[in-house]
Every structure is written in structure tokens, then in C-alpha cells.
Amino acid sequence: MNRRHLQHAVGSLLFAAAALAAPHAHAAPAGERVEISSPIFPKTSVLYAREGALFPATLAEEEAMAHDASLTFEPLLVSCQPTHPTITLATASSSPTPAELVTNYAEVAKCAYETYTAKPYWIPQLVSDVDICATELGPDWALPSEADLASFTEADFLFIADTLIGAATGTSNWGTFYFSLGIFVRAADGSIQKGDLRPGAAVRVEPLPVTGDDLKRHYEGGLALRCIRRTPLE
Numbered sequence: 223m224n225r226r227h228l229q230h231a232v233g234s235l236l237f238a239a240a241a242l243a244a245p246h247a248h249a250a251p252a253g254e255r256v257e258i259s260s261p262i263f264p265k266t267s268v269l270y271a272r273e274g275a276l277f278p279a280t281l282a283e284e285e286a287m288a289h290d291a292s293l294t295f296e297p298l299l300v301s302c303q304p305t306h307p308t309i310t311l312a313t314a315s316s317s318p319t320p321a322e323l324v325t326n327y328a329e330v331a332k333c334a335y336e337t338y339t340a341k342p343y344w345i346p347q348l349v350s351d352v353d354i355c356a357t358e359l360g361p362d363w364a365l366p367s368e369a370d371l372a373s374f375t376e377a378d379f380l381f382i383a384d385t386l387i388g389a390a391t392g393t394s395n396w397g398t399f400y401f402s403l404g405i406f407v408r409a410a411d412g413s414i415q416k417g418d419l420r421p422g423a424a425v426r427v428e429p430l431p432v433t434g435d436d437l438k439r440h441y442e443g444g445l446a447l448r449c450i451r452r453t454p455l456e
């Protein structure tokens, strides 16, 4: 098995109809597969109505709000395809080509914005309190941690950037705005911070520039809510 490959398949579990699968040599002897999801987009119409002083008072209300706001990539591909016919859906016998993935990125981003008022403007407190990855993608998915980023080599970051940026090439602002290499991360101290997947980044994880009640307002720092799944290889 190659150490790194881009795997094409159907389903929200796989990155942009393609999963980033990167088994790490430094992992357990049997190795592991690491998958990084496509971003979960938020409907800003949902977030804006409940931010600041109107932020939910209970975890149950936060969970309902997060679910109502969440848009995952695979359902977007399907729901957007009728109005964005250049989207190519995977079939049982074929997957989108790299060129078609480029188009899918752009068209899903446009559709998310135009149809669902989605922008990558999550509320940090909501990301901190609610296990959005597990709720929306499945129980083996989680928000990337500081330890996850620390486990990657520079070669891994190069592969991540080449894969994600390569798939988004040609999408102009749609790709860079919606599919950022800046991500929300669970820091070692348990707080929500910003992580940087770019190769050569001097700082991988650092605090958000907002604190206190501002954490209950949408954050326009260009961070994607991506999820990670680590699976031992047999």
C-alpha cells in the first residue's frame, strides 16, 4: 500500500468525494490511516440568529443549533447538482476526475453560499461545546487536536497542502474562502484554537484572537471546521 494516496469514493466520510488517506510511518507497527474531512459549512442564517446575547443557555440547545447549521459535503453535492449541473457525482463504477473535483469544489461553494447562506464563520464557543464532527459525520470522527497536528511530518503537511490546494485549483475565491488550510483545533489545554496545515508554518496551533463573550459570536478568521478520523491498518 502506498504511504500516501487520494482515495475517491461516495459519502460524506470522504474528503470532497475523496478522502485524504495518509498512513504514518511513525504510528503503531501496523500503521494507521488518517482521513481529513471536507469542511462542514455553517448556515450563517442559523448562527447569526443565536449569537452573542442570544447564544443558547444549555448544551442541548447548542447541539440543536449546531445540527441545524451544519452542511456536509456529500449531501451538498447531491442537493446542489440539479441547480449546478456541472457537479459530477460518483457512481458505483466511477469517481470524479481531478478536473471534475475542481469544478465540484467551486460549484458546492457557490451553492452553499447562494442557496444556504453558508460562510466559514462558525461560532467558536459552539465548536468548543458541541461534538459537531461526531454528530454530523459519525462517532469515529473528531475535531483535530493539537496532538494530531504534532504527529504529522513536514512531508505530511506538504501532501495535505498539495492534495487540498490541488483539488481546489481554479476555484478562485470560492476555493480559498471555503476550503482553507486554517482549521479549528482542540488545543492541549482543551480550548478551541486555530491550527495551520500549511507546509512550513512557524506556528501550528495558536490561540484565537477573541476571548470571553466574543467567543459566542461568529468568527470571520477564515477557519474551516474539518474533522479527522484515525483508523488502525490491519
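In the numbering used here, the protein residues as written are 223 to 456. Think of the CB as a built atom: it goes at the ideal place given N, C-alpha and C, for glycine as much as any other residue.
8 Å Cβ cutoff met for A340 and P264: yes
Opposing strand residues paired with A364 [DSSP bridges]: I450
For I345 and P421, the rounded distance between their alpha carbons: Those two C-alpha atoms are separated by around 26 Å.
Residue environment, S292, which counts as buried when at least 16 other CB atoms sit within 10 Å: Result: buried.
Where I262 sits in the DSSP three-state scheme: coil
Beta-carbon proximity list for L269, same chain, < 6 Å, skipping 5 on both sides: A291, I345 and H440
Contact the stretch 328-337 vs the stretch 361-373: 3+ CB pairs below 8 Å: no
Close beta carbons around A446, own chain, < 7 Å, minus the five adjacent residues each side: P261, P342, F401, S402, G404 and I405
Residue from G412, T357 and D351 with nearest C-alpha to T280: D351
Nearest-angstrom beta carbon gap, E368 and R408 [assumed within contact, 8 Å]: 7 Å
Residue closest to Y327, alpha-carbon to alpha-carbon, out of T313, L298, Y338 and V349: Measuring from the Cα of Y327, the nearest candidate turns out to be L298.
Opening and closing residue of the beta strand (DSSP E) in which V407 lies: G404 to R408
Residues that G417 bridges to, as DSSP identifies them: I405 and V427
Sheet register partners of A340 (DSSP bridge): K265
Inter-residue Cα distance where the pair is T475 and L386: The first residue shown for the chain is 223 and the last is 456, placing residue 475 beyond what the model contains.
Neighbour-count burial assignment, H289, 16 or more Cβ in a 10 Å radius: exposed
Terminal residues of the alpha helix (DSSP H) in which H289 lies: L281 to A291
Proximity of W363 and R451 at Cβ, strictly below 8 Å: Here W363 is near R451, since their CB atoms are less than 8 Å apart.
CA nearest to the CA of R272, picked from M287, A383 and S259: M287
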